[in-house]
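Novice:
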Amino acid sequence: TDGVDSTPLVELAPITPPALLHRYHDLQRQHKAIVAQNQHLEQECTQLQLLVREYEAGMEVVTDKFKSHGYSSQQEKLLMQRDYEVLLDEERMQHRLVQLATLLRQAHDVDADSTSTTLIEHLLQENRALREKLGIAGSSPPSSAPSSGPTCPAARTRRASPQQGPSVLVAEFFGDEGRDGLEGGSEVDAEEKDDVEGGGECDEVVGK
Numbered sequence: 001t002d003g004v005d006s007t008p009l010v011e012l013a014p015i016t017p018p019a020l021l022h023r024y025h026d027l028q029r030q031h032k033a034i035v036a037q038n039q040h041l042e043q044e045c046t047q048l049q050l051l052v053r054e055y056e057a058g059m060e061v062v063t064d065k066f067k068s069h070g071y072s073s074q075q076e077k078l079l080m081q082r083d084y085e086v087l088l089d090e091e092r093m094q095h096r097l098v099q100l101a102t103l104l105r106q107a108h109d110v111d112a113d114s115t116s117t118t119l120i121e122h123l124l125q126e127n128r129a130l131r132e133k134l135g136i137a138g139s140s141p142p143s144s145a146p147s148s149g150p151t152c153p154a155a156r157t158r159r160a161s162p163q164q165g166p167s168v169l170v171a172e173f174f175g176d177e178g179r180d181g182l183e184g185g186s187e188v189d190a191e192e193k194d195d196v197e198g199g200g201e202c203d204e205v206v207g208k
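For reference, each letter of the sequence shown is one residue, going 1 to 208 in UniProt numbering.
Structure representation (structure tokens):
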């Protein structure tokens with residue numbers, strides 16, 4: 001528009017031909033259209049600049065939110081990883097404790113078995129020794145020599161009677177067997193007492 005002559009048409013009309021005047025009007029119309037288009041483009045540019053600024057502000061907000069969300073997600077992931085590691089450590093520790101308890105139980109069972117076996121062997125040895133001392137292990141062989149004494153039934157009964165039964169300690173040690181032996185021993189003692197009395201009668205008879 002700066003290159004177009006702004007001289008009034010009234011002054012140019014008399015000296016210009018009609019074709020040049022027509023050309024001038026066309027150029028003036030084009031100039032107005034270009035000016036209007038330029039103004040429209042400027043408005044669009046201004047609007048686009050505003051949109052760009054809004055977009056940049058929105059992107060900054062989204063970026064900040066994304067950063068905060070990413071940081072919080074990372075922290076949560078680290079916390080979950082730590083919790084998972086703690087749970088794994090607890091599970092490993094629990095498994096080790098179970099294994100240790102199993103080993104201790106096995107060791108205790110082995111010790112208990114060995115102790116029980118040793119105690120049983122010791123009790124069996126004491127049992128044999130007490131039976132040998134008390135004559136319970138085996139009956140003594142009968143004597144084959146003829147008796148030179150009087151043929152008193154009480155005396156024969158006294159000779160054929162077994163030895164005295166086990167004591168109270170043996171009865172407590174052997175349980176029911178010892179009690180049975182003790183009762184048997186009491187009966188034998190009573191029989192021996194009767195035999196002694198009968199033997200005295202036999203002695204009196206022999207003396208007569």
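Cβ atoms here follow ideal geometry from the backbone N, Cα and C, with glycine treated the same way.
All figures in this text were calculated on a predicted structure; none of them were measured in a lab.
Taking the alpha helix (DSSP H) that P18 belongs to, which residues open and close that run?
Specialist: As a position in the sequence shown, residue 18 is number 18, starting the count at 1. Note, P18: alpha helix (DSSP H), P18 to L134.
Novice: Under 7 Å Cβ to Cβ from L20, same chain only, skipping five residues before and after it: list those, please.
Specialist: As a first step, residue 20 is located in the sequence shown; it is residue number 20 there, counting from the start. So no residue of the chain qualifies.
Novice: Can you grab the Cα-Cα spacing for the pair L88 / Q81, in whole Å?
Specialist: Within the sequence shown, residue 88 is the residue found at index 88, counting from 1. Within the sequence shown, residue 81 is the residue found at index 81, counting from 1. Going from the Cα of L88 to the Cα of Q81 covers about 10 Å.
Novice: If you draw a straight line from the alpha carbon of L100 to that of H108, how long is it in whole angstroms?
Specialist: Locating residue 100 in the sequence shown gives position 100, where the first residue counts as 1. Locating residue 108 in the sequence shown gives position 108, where the first residue counts as 1. So the two alpha carbons sit approximately 12 Å from each other.
Novice: Straight-line CA distance for residue 231 to L119?
Specialist: No answer is possible for residue 231: the residues shown for the chain start at 1 and end at 208.
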